[in-house]
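Residue numbers (full-length UniProt numbering): 1 to 145.
Below is one structure, written out as structure tokens; comments come after it.
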Amino acid sequence: MNITIIIIGIIIFIFVILGYIQNERDKNRLQKLNISRPNLTRTEFINRLVKSGFDMQHVEVVYDEIRDFIRVNNFSIYPEDDIHKIYGIKDLDDIELIYRICKKLNLRKPEQKDCDKLNKEMKKFNAEYILTLTKNLIESKNSPT
């Protein structure tokens, strides 16, 4: 009985350590990337996407939520950054990110069909993808059924 508890404790400890090491690697990778490219301020990020036709409030929410999600201080987020590849956000986490953004914008949660349709048009999961999704959700809400 005691041996079983010790083994379970060791296994849990190993998983915690491995998770910590992976998080540190991700942070170091992001910091190296950040050093290698020019700083993009929040205002510049927002202006780029507003010029592309997206709503300013939506862009602000997307920016703030991505920053909060990646939890790396002083990291310069770019609109074209692939959220999966660059920020290391996994598939289930991206759904949580989208849900958080939709909740802040008082939009319904997207259904699989919303994402499937968008996946045919866009190959990269980035800020523009999320903003296009929110735009589509608004349009579907306002269109007659």
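Where is the CB? At the ideal position from N, CA and C, for every residue including glycine.
Rounded to whole angstroms, the gap between the alpha carbons of Gly9 and Ile3 is 10 angstroms. Between Phe69 and the set Tyr78, Asn119 and Arg100, the nearest pair of CA atoms involves Arg100.
In this structure, Glu128 lies near Leu49, with their beta-carbon atoms less than 8 angstroms apart.
For Arg71, there is no enclosing alpha helix (DSSP H), as DSSP marks it with neither H nor E. Excluding its 5 nearest sequence neighbours in each direction, Lys141 has C-beta neighbours in its own chain below 8 angstroms: Leu107 and Arg108, listed in chain order.
A distance below 6 angstroms between beta-carbons, with the five flanking residues on each side excluded, links Met122 to the following residues of its chain, in chain order: Tyr129. The beta-carbon separation of Asp114 and Leu133, rounded to 7 angstroms, stays under the 8 angstroms limit for a contact.
Around the Cβ of Asp81, a 10 Å sphere holds 16 or more other Cβ atoms; the residue is buried. For Ser36, the enclosing alpha helix (DSSP H) stretches over residues Asn2 to Ser36. Considering only Leu18, Gln31 and Asn126, the residue with the shortest C-alpha distance to Asn74 is Gln31.
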